[in-house]
Amino acid sequence: MNTASLIVAICLYVVSAGLLWFSLIMAANESAIARVTRSNLNNLMLDVRTNEDSEFLRRKTIARIRHAQNVILQRQRAVMTCTFSRVMSNILIGALVAIATGVFGVAIWAEVLIGIVVAVISATIAVLISPRSSNQRSVNVLLQYAPFIDRAMHIMPRVDIERTQQVTLSDDEELEKIHHDQARATIDRLIEAHLFDPEISEMLRNVLILTDTLTREIMVPRTDMFSLERTTTLNDMLKDCSRSGFSRVPVTGESVDDLVGIAYLKDVVRATAFNPAAGERAIETIMREPMLVPESKPVDDLFHDMQTKRQHVAIVVDEYGGIAGLVTIEDALEQIVGEMEDEHDRVQRHEPERMEDGGWKVPARTSITDIEELFEIDLDEDDVDTAYGLLTKALGRVPIVGSHAQTRGLDLIAVDSAGRRKKVSTIEIRRSADTIKSENKESYDSSSQES
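Anchor point for the sequence shown: position 376 equals 376 in full-length UniProt numbering, and the numbering is continuous, going up by one each time.
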């Protein structure tokens, strides 16, 4: 190997080192672009305009801030520019090191292997080291290299980035989104490293999902919402709460959409415990103002508001102001910790059970078709699909334990509820007395004719 070849190899190594430094700079700027907001730059601009530096330094700094503002306004494109530059630098590093190594007479396969290894190492260093080192000085890093990035964005191949995302976020929304994405990435890395138990890992993921979950997704729909009329007496409410298992009940006026308040079982107990005569008062005398929330409210905001206002139940309204449903603070908690049940919650039945009197005890979700097969009848019901729906239609309201109705020659009684929402889970179905008499009469008439 002659002197000229050695000089060429050294030059190639020097250029590779320069490219490695450039790759680290681009990685640092990727991190800075992801952290700096317009609010940071606007505050810095105000400080620069009011400081006592020379006019030359102020103009120079202001020019850099304007470049940084252009970069932040096109955040996605700027990140892609830095990423593209960093990746190309790592590829060139591997190629130049491979060529320089070939000068020493090594085999071609060794040149290629060395080039690949060096490229991978340089990429790893750029990704893992430089972004972390710039966390505390993101603004300074961006200001230093913003002019280069701003110009580089104009010569980069144009890519249509997130065409559908045209809405400009406010500073607070922008910063919140950035921090949320960073938290999600951090938690994902910790979970992948198996630093948490599976249950804790699931809870951490659920916490992050809260921002993307809307109240309408966790609420009890209006059709399943148990409510009482404002004229209901306190004694009747005590009985209904005992049967249903609810301790907070919406109070309505002329219709379900005419919500007038929330009645609390504790208030009823306080009013009647030492004054039995108060049991004849209407619940409108002790009801409270309801907390109203829009159905589009994110669950994390809902949880925070309910904590702040010390409310455990809220009424959900739709975009037209109508009642969409009801949500409790337990509904929000369940999105983090999973299903919550207390000592009074029971497990739902899974199969119909024949009773001694010939009736059937069936799960509330039993289909109309199965009921028809059990009783060998044709119900001709197109509006409902389950035993619960049949009972609800016959009652004209949401059933609770003890609710009874007759329809299509059947007696239906809600006998059990399950889960924290106390929804009717088991229904007893029998042939009604009139149906049995009619069948006996027909049987008697047919036997008489035969004889």
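By construction, the Cβ of each residue, glycine as well, lies at the ideal position given by its N, Cα and C atoms. Remember, predicted model here, so these are calculated numbers, not experimental data.
Residue range of the beta strand (DSSP E) that includes residue i
{"i": "R248", "result": "248 to 252"}
{"i": "G261", "result": "259 to 264"}
Element boundaries [alpha helix (DSSP H), containing residue i]
{"i": "V141", "result": "138 to 155"}
{"i": "P198", "result": "198 to 209"}
{"i": "F274", "result": "F274 -> no alpha helix (DSSP H), and no H or E assigned at all."}
{"i": "M219", "result": "Unbroken run through M219: none, as it is neither H nor E."}
{"i": "F104", "result": "Taken as a continuous stretch (DSSP letters only), F104 belongs to no alpha helix (DSSP H), as it is neither H nor E."}
{"i": "G18", "result": "3 to 35"}
{"i": "E351", "result": "Run containing E351: none; DSSP gives neither H nor E here."}
{"i": "Q69", "result": "55 to 73"}
Other residues of its chain near residue i: CB distance less than 6 Å, five sequence neighbours each side excluded
{"i": "P298", "result": "T211"}
{"i": "A394", "result": "A405, T407"}
{"i": "K314", "result": "One point to set straight first is that residue 314 is Ala, not Lys, in the sequence displayed. Once the five neighbours on either side are set aside, the close Cβ partners of A314 are M291, V293, V327."}
{"i": "D258", "result": "T252"}
{"i": "R270", "result": "none"}
{"i": "D150", "result": "H67, N70, V71"}
{"i": "T231", "result": "A282"}
Under 8 Å between C-beta atoms of residue i and residue j
{"i": "M287", "j": "I323", "result": "no"}
{"i": "L302", "j": "A332", "result": "yes"}
{"i": "V260", "j": "E284", "result": "yes"}
{"i": "A364", "j": "T386", "result": "yes"}
{"i": "A282", "j": "T233", "result": "yes"}
{"i": "E111", "j": "G105", "result": "no"}
{"i": "N70", "j": "S122", "result": "no"}
{"i": "V207", "j": "L96", "result": "no"}
{"i": "M225", "j": "V337", "result": "no"}
{"i": "D65", "j": "M45", "result": "Per the sequence shown, residue 65 should be read as Ile rather than Asp. Yes, Cβ-Cβ distance for I65 and M45 is below 8 Å."}
{"i": "S432", "j": "A414", "result": "no"}
{"i": "K309", "j": "M291", "result": "yes"}
{"i": "L410", "j": "R430", "result": "yes"}
{"i": "L20", "j": "I93", "result": "yes"}
{"i": "L374", "j": "L390", "result": "no"}
{"i": "R222", "j": "V268", "result": "no"}
{"i": "E356", "j": "I368", "result": "no"}
Beta bridge counterpart(s) of residue i as assigned by DSSP
{"i": "I125", "result": "Paired residue(s): none; I125 is not in a bridge."}
{"i": "L228", "result": "V251"}
{"i": "I429", "result": "W360, L412"}
{"i": "T233", "result": "A282"}
{"i": "L214", "result": "P298"}
Cut-off 8 Å between Cβ atoms - residues of its own chain near residue i, not counting five sequence neighbours on either side
{"i": "E295", "result": "L214, T215, R216, M219, V316, V317, D318, E319, A324, G325"}
{"i": "residue 468", "result": "Nothing about residue 468 can be read from this structure; the chain reaches only from 1 to 451."}
{"i": "M26", "result": "C82, T83, S85, R86, S89, A126"}
{"i": "L41", "result": "I65, A68, Q69, I72, V139"}
{"i": "R49", "result": "R58, I62"}
{"i": "E372", "result": "D378, L379"}
{"i": "Q335", "result": "N206, I209, L210, T213, I218, V299"}
{"i": "N235", "result": "T272, G279, E280"}
{"i": "E30", "result": "V79, C82, T83, R86, P131"}
Heavy atom of the ligand ZN within 7 Å of residue i beta-carbon
{"i": "A387", "result": "In terms of ligand content, the structure shown is empty, and the ligand ZN therefore cannot be addressed."}
Cut-off 7 Å between Cβ atoms - residues of its own chain near residue i, not counting five sequence neighbours on either side
{"i": "L228", "result": "M237, D240, V249, V251, A263, I283"}
{"i": "P276", "result": "none"}
{"i": "V401", "result": "R243, S244, A414, V415, D416, S417, V424"}
{"i": "T366", "result": "P352, T386, A387"}
{"i": "R75", "result": "I33"}
{"i": "I114", "result": "V97, A98, T101"}
{"i": "L12", "result": "L96, I99, A100"}
{"i": "A4", "result": "none"}
{"i": "A146", "result": "R64, H67, A68, V71"}
{"i": "P399", "result": "L391, T392, A414, V424"}
{"i": "A119", "result": "N90, I91, I93, G94"}
{"i": "Q311", "result": "M291"}
{"i": "residue 488", "result": "For the chain, the structure presents residues 1 to 451; residue 488 sits outside this window and is missing."}
{"i": "R137", "result": "none"}
Cβ of residue i within 8 Å of any chain C Cβ
{"i": "F84", "result": "Reference to chain C is not applicable here, since this structure consists of a single protein chain."}
Give, in chain order, every unbroken run of the alpha helix (DSSP H) that is at least 4 residues long and sits entirely within the segment 354 to 424.
Entirely contained in the segment 354 to 424, the alpha helix (DSSP H) runs reaching 4 residues are, in chain order, 368 to 375, 387 to 395.
Taking only runs that begin and end inside the UniProt domain "CBS" (286 to 343), name each unbroken beta strand (DSSP E) of 3 or more residues, in chain order.
Within the UniProt domain "CBS" (286 to 343), the complete beta strand (DSSP E) runs of at least 3 residues are 292 to 294, 313 to 317, 323 to 328.
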